Amino acid sequence: MTRDTEQNTPAAAVPEPAPYAHAERRDRFVDDPRKKSVMLAMILSLMPGLGQVYVGYYDLAFRNILVICGLIAIVAGGNIHRLEPVVGLFTAFYWLHNIVDAGRRASFYNQALAGLRPMDLPDDGKAPQPMGSFAGGVLLVAVGVTLFLNTMFDVPLDWLAQWWPLALVGAGAWLIYADRRAKALAGESAGAE
0 MTRDTEQNTP AAAVPEPAPY AHAERRDRFV DDPRKKSVML AMILSLMPGL GQVYVGYYDL
60 AFRNILVICG LIAIVAGGNI HRLEPVVGLF TAFYWLHNIV DAGRRASFYN QALAGLRPMD
120 LPDDGKAPQP MGSFAGGVLL VAVGVTLFLN TMFDVPLDWL AQWWPLALVG AGAWLIYADR
180 RAKALAGESA GAE
């Protein structure tokens with residue numbers, strides 16, 4: 000192909016951008032009283048979980064404050080000298096993640112109100128629902144018994160500095176199991192149809 004034929008070849012037609020499909024919904028959304036302020040959600044999340052409460056995600060807010068309180072309690076206990084940097088860094092990361100998450104949830108909430116993002120919105124004023132998890136229950140019992148033995152009977156927690164990675168192995172194994180189980184259930188339900 001010569002240079003002359005390259006210049007004479009018509010360029011691929013660039014499609015015109017489609018007009019905004021949801022303009023009417025967007026205009027109605029501007030005055031929607033349910034609209035959430037992204038900045039307010041982030042500012043409220045300086046107190047972990049409060050931004051999620053503002054947007055309506057009560058269960059997530061409750062989990063966030065429990066995680067932060069638990070991490071602070073672990074560091075304040077002072078018996079984990081080797082793990083303090085790790086726990087402190089994770090606490091800072093989780094706290095900042097909490098702030099960013101509240102802003103994202105407020106933004107997604109607003110987009111869903113405008114009809115731009117299909118998602119289920121949290122029910123206004125809905126109280127947190129009781130939830131259960133076998134793995135979570137076992138973990139809480141194990142942590143509670145360990146901390147009780149430390150505070151009441153001065154059982155040292157030095158072993159945690161060497162054995163804590165097993166918690167990551169256990170969490171990973173549980174996630175793999177849950178994923179396999181969900182895929183098996185999905186396969187069974189697809190086979191039943």
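Read in order, the letters of the sequence shown correspond to residues 0 to 192 in numbering that gives the first Met the number 0.
By construction, the Cβ of each residue, glycine as well, lies at the ideal position given by its N, Cα and C atoms.
Every value quoted in this text rests on a predicted model; they were computed, and no experiment measured them.
Here the alpha carbons of residue 104 and residue 46 stand approximately 16 Å from one another. Assignment of residue 180 by DSSP, reduced to helix, strand and coil, places it in the helix class. Relative to residue 86, the option among 185, 100, 66 whose CA is nearest is 66. By the CB criterion at 9 Å, residue 41 and residue 101 fall inside the cutoff.
Straight across, the Cα-Cα distance linking residue 49 with residue 60 is about 6 Å. Contact holds between the stretch 148–166 and the stretch 68–80, because three or more Cβ pairs, one in each stretch, are under 8 Å apart.
Annotation for residue 44: 50, 97, 98, 101 place their beta carbon closer than 6 Å to its own, counting only its chain and skipping 5 residues before and after.
The C-alpha of residue 137 lies about 38 Å from the C-alpha of residue 36. Using a 10 angstroms sphere on the CB of residue 144, the tally of other CB atoms stays under 16, which defines it as exposed. In the DSSP annotation of this structure, the continuous segment of the alpha helix (DSSP H) that includes residue 86 starts and ends at 83–112. 55 is the residue among 189, 39, 55 whose C-alpha sits nearest the C-alpha of residue 121. DSSP, reduced to helix, strand and coil, places residue 62 within a helical segment of the structure shown. When the beta-carbon positions are compared, residue 53 and residue 39 come within less than 9 Å of each other. In this structure, residue 82 places its C-beta atom within 9 Å of the C-beta atom of residue 160. When secondary structure is reduced to three states using DSSP, residue 158 falls in the coil class, being assigned neither helix nor strand. Excluding the 5 residues flanking it on each side, residue 94 has same chain C-beta neighbours closer than 8 Å at 47, 67, in chain order. In the DSSP assignment, residue 118 falls outside any alpha helix (DSSP H) and carries neither an H nor an E.
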